[in-house]
Amino acid sequence: MMGGIESVGEAVTGGLAARAVEPVAGEGLGEGHGACLNCGTRLIGPHCHQCGQAAHVHRTVAAWWHDLAHGVLHLDGKIWRTLPLLAWRPGELTRRYVEGERARFVSPLALFLFSVFLMFAVLSAFGGAGQWDSKEVDNGLAREIRAADAKIVDVEKERREALARHRPTAAIDVRLKSERDNASLLRAMKERGMIKGTAFRVNDDVPFWLRHAIEKAGANPSLLLYKLQTNAYKFSWALIPISVPFLWLLFLHRARYRRQYKAYDHLIFVTYSIAFMSLALVAFVLVRAAGLSWGPLNLAFILAPPVHIYRQLRGAYRLSRLSALWRTAVLMWFAGIALTLFMLLLVTLGVLA
Numbered sequence: 000m001m002g003g004i005e006s007v008g009e010a011v012t013g014g015l016a017a018r019a020v021e022p023v024a025g026e027g028l029g030e031g032h033g034a035c036l037n038c039g040t041r042l043i044g045p046h047c048h049q050c051g052q053a054a055h056v057h058r059t060v061a062a063w064w065h066d067l068a069h070g071v072l073h074l075d076g077k078i079w080r081t082l083p084l085l086a087w088r089p090g091e092l093t094r095r096y097v098e099g100e101r102a103r104f105v106s107p108l109a110l111f112l113f114s115v116f117l118m119f120a121v122l123s124a125f126g127g128a129g130q131w132d133s134k135e136v137d138n139g140l141a142r143e144i145r146a147a148d149a150k151i152v153d154v155e156k157e158r159r160e161a162l163a164r165h166r167p168t169a170a171i172d173v174r175l176k177s178e179r180d181n182a183s184l185l186r187a188m189k190e191r192g193m194i195k196g197t198a199f200r201v202n203d204d205v206p207f208w209l210r211h212a213i214e215k216a217g218a219n220p221s222l223l224l225y226k227l228q229t230n231a232y233k234f235s236w237a238l239i240p241i242s243v244p245f246l247w248l249l250f251l252h253r254a255r256y257r258r259q260y261k262a263y264d265h266l267i268f269v270t271y272s273i274a275f276m277s278l279a280l281v282a283f284v285l286v287r288a289a290g291l292s293w294g295p296l297n298l299a300f301i302l303a304p305p306v307h308i309y310r311q312l313r314g315a316y317r318l319s320r321l322s323a324l325w326r327t328a329v330l331m332w333f334a335g336i337a338l339t340l341f342m343l344l345l346v347t348l349g350v351l352a
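Residues in the sequence shown are numbered consecutively from 0, following numbering that gives the first Met the number 0.
Following this line, the structure appears as structure tokens:
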């Protein structure tokens, strides 16, 4: 219950964050009369042309709730013009936004922020982030404790034999201490409820800072998973700069494309594309949570990313079918590389933090 409430809070926060970067031009309807209540400028439209405040303001509870829904969901006409194009004609949406139609649509950054917040909220609410089977892990720890005890018995036997033959035991003593420490750590994890993983050691030739980080992650991988989820939430924006160079490479071989399409165009393409993929994942999780597991529907979700990328490439860059098709295949491969780099970034941040 608490997780669901927190998820709703995350979605609302995402909507408000998106609203903070979303331009308000083009939303007003009707005409304003008199002077602006904020700066006193004479009104000639639904908004003050000097400070941008709406001509009509309200002081009712209903108006407050309207502002909340307006800020979270962009219920101002923009969202209903943006989402259909994003879903089915993403290339046209990208091209029209790049060419100057900004007030008509939700900006790519605002849509990206809201979709990412919503995605993590839904994943958190419906367990998409992963769950631990505590019973299975507990049984695994018990097996590892028994194995560690058996190793201790073997090393102790080896030490007794060395003493009987008057051989040095320094190396054996180091191994024995290591095995005992390992067993003690496993028991502490089990007794204190830290049953989220297994302890392991890294060779001494690994640099200390890296060895310490890896051992810490191995001692409690549940904490590492939590850090990964948190960092994915905080650093999701990093997917955009990671992905843009790969898209730029697709047009590097033609001078015409290099002159016509700039880095800004690729940024808009990538931002809208990631926003769509996030919303598609939200739809998939919700459909599965509702128990609507149907073969053709699952196939549609699998085919959605390449089909969407193809349509966006062809429309945004005015490509032929063949040109858009091979770029789609390469971009899907690039997307896998970008996602891998993003995951490596998250793992590094999670391990070193």
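We treat Cβ as the ideally placed atom computed from N, Cα and C, and that holds for glycine.
For residue 172, count neighbouring C-beta atoms within 10 Å of its own C-beta (all shown protein chains included) and say buried if the count is 16 or more, exposed if not.
-> Residue mapping note: residue 172 aligns to position 173 of the sequence shown, counting from 1. Burial call: exposed.
Which residues in the same chain have their Cβ closer than 7 Å to the Cβ of residue 38, if we skip the five residues on either side of it in sequence?
-> By 1-based counting over the sequence shown, the position of residue 38 is 39. By the criterion of a C-beta distance shorter than 7 Å, residue 38 is surrounded in its chain by 47, 49, 50, once the five residues flanking it on both sides are discounted.
Counterpart residues of residue 41 in DSSP-defined beta bridges | Position 42 of the sequence shown, counted from the first residue, corresponds to residue 41. DSSP lists 34 as partners of residue 41.
Going by other Cβ atoms of all chains shown within 10 Å of its Cβ, with 16 needed for buried, is residue 114 buried or exposed?
-> Taking the first residue of the sequence shown as position 1, residue 114 is located at position 115. Buried, because 16 or more other Cβ atoms sit within 10 Å of the Cβ of residue 114.
Going by the beta-carbon positions, is the gap between residue 365 and residue 119 smaller than 8 Å?
-> In the structure displayed, the chain extends from 0 to 352; residue 365 sits before or after that span and is not available.
Using DSSP with H/G/I as helix, E/B as strand and the rest coil, what is residue 307?
-> Taking the sequence shown and counting its residues from 1, one reaches residue 307 at position 308. Three-state DSSP puts residue 307 in a helix.
Are the Cβ atoms of residue 99 and residue 314 separated by less than 8 Å?
-> Taking the first residue of the sequence shown as 1, we reach residue 99 at position 100. Taking the first residue of the sequence shown as 1, we reach residue 314 at position 315. Their beta carbons are not under 8 Å apart, which means residue 99 does not touch residue 314 by this criterion.
Backbone CA spacing between residue 246 and residue 255 [nearest angstrom] = For this step, residue 246 is matched to residue 247 along the sequence shown. For this step, residue 255 is matched to residue 256 along the sequence shown. Their Cα atoms are separated by approximately 16 Å.
To which residues of the same chain is residue 263 closer than 8 Å at the C-beta, ignoring the five residues directly before and after it?
-> Mapped onto the sequence shown, residue 263 falls at position 264. So the qualifying residues of the chain are 97.
Where residue 265 sits in the DSSP three-state scheme = Reading the sequence shown from its first residue, position 266 is the one you call residue 265. Correct three-state label for residue 265: helix.
How would you call residue 258, buried or exposed, if buried means at least 16 neighbouring beta carbons within 10 angstroms?
-> Walking along the sequence shown from the start, residue 258 turns up at place 259. Exposed, since its Cβ has fewer than 16 Cβ neighbours within 10 Å.
Alpha carbon of residue 292 to alpha carbon of residue 300, nearest angstrom | For the purposes of this step, residue 292 is identified with residue 293 of the sequence shown, where counting begins at 1. For the purposes of this step, residue 300 is identified with residue 301 of the sequence shown, where counting begins at 1. Answer to the nearest angstrom: the Cα atoms are 11 Å apart.
Among 342, 337, 326, 231, which one has its Cα closest to the Cα of residue 123?
-> Position 124 of the sequence shown, counted from the first residue, corresponds to residue 123. Nearest option by C-alpha distance: 231.
Taking DSSP as the reference, what is the three-state secondary structure of residue 289?
-> Your numbering for residue 289 matches position 290 in the sequence shown. Residue state, collapsed to three classes: coil.
Bridge partners of residue 53, per DSSP?
-> Taking the first residue of the sequence shown as 1, we reach residue 53 at position 54. Paired residue(s): 46.
How many whole angstroms separate the CB atoms of residue 107 and residue 260, which I take to be in contact at a CB cut-off of 8 Å?
-> Looking up residue 107 in the sequence shown gives position 108. Looking up residue 260 in the sequence shown gives position 261. Actually they do not touch by this definition, with Cβ atoms about 16 Å apart.
In terms of alpha-carbon separation, which member of 142, 169, 242 lies closest to residue 155?
-> For the purposes of this step, residue 155 is identified with residue 156 of the sequence shown, where counting begins at 1. Among 142, 169, 242, the Cα nearest to that of residue 155 belongs to 169.
Under 8 Å between the Cβ atoms of residue 284 and residue 117?
-> The residue labelled residue 284 in the question sits at position 285 within the sequence shown. The residue labelled residue 117 in the question sits at position 118 within the sequence shown. No, Cβ-Cβ distance for residue 284 and residue 117 is not below 8 Å.
Taking the continuous alpha helix (DSSP H) assigned at residue 254, which residues delimit it?
-> Along the sequence shown, one-based indexing puts residue 254 at 255. Element bounds for residue 254: 254 to 259.
Check residue 133 in the structure and name its three-state DSSP category.
-> As a working note, residue 133 is residue 134 in the sequence shown. Unreliable placement is indicated for residue 133, whose pLDDT of 49 sits below 50; the coordinate value is still reported in the next sentence. Residue state, collapsed to three classes: helix.
Residue 229 in three-state terms, based on DSSP | By 1-based counting over the sequence shown, the position of residue 229 is 230. Residue 229 falls in the helix class under three-state DSSP.
For residue 176, which option in 164, 163, 158 has the closest C-alpha, if you only look at C-alpha atoms?
-> The residue labelled residue 176 in the question sits at position 177 within the sequence shown. Per the Cα distances, 158.
Return the CA-CA distance between residue 274 and residue 332, expressed in angstroms with no decimal places.
-> For the purposes of this step, residue 274 is identified with residue 275 of the sequence shown, where counting begins at 1. For the purposes of this step, residue 332 is identified with residue 333 of the sequence shown, where counting begins at 1. Each residue's alpha carbon lies about 19 Å from the other.
With DSSP collapsed to three states, give me the class of residue 100.
-> Within the sequence shown, the letter at position 101 stands for residue 100. The answer is coil: DSSP assigns residue 100 none of H, G, I, E or B.
Run the CB neighbour count on residue 40, radius 10 Å, all protein chains shown included, and call it buried at 16 or more, exposed below.
-> Counting from 1 along the sequence shown, the entry for residue 40 is found at position 41. When all chains shown are included, residue 40 counts as exposed.
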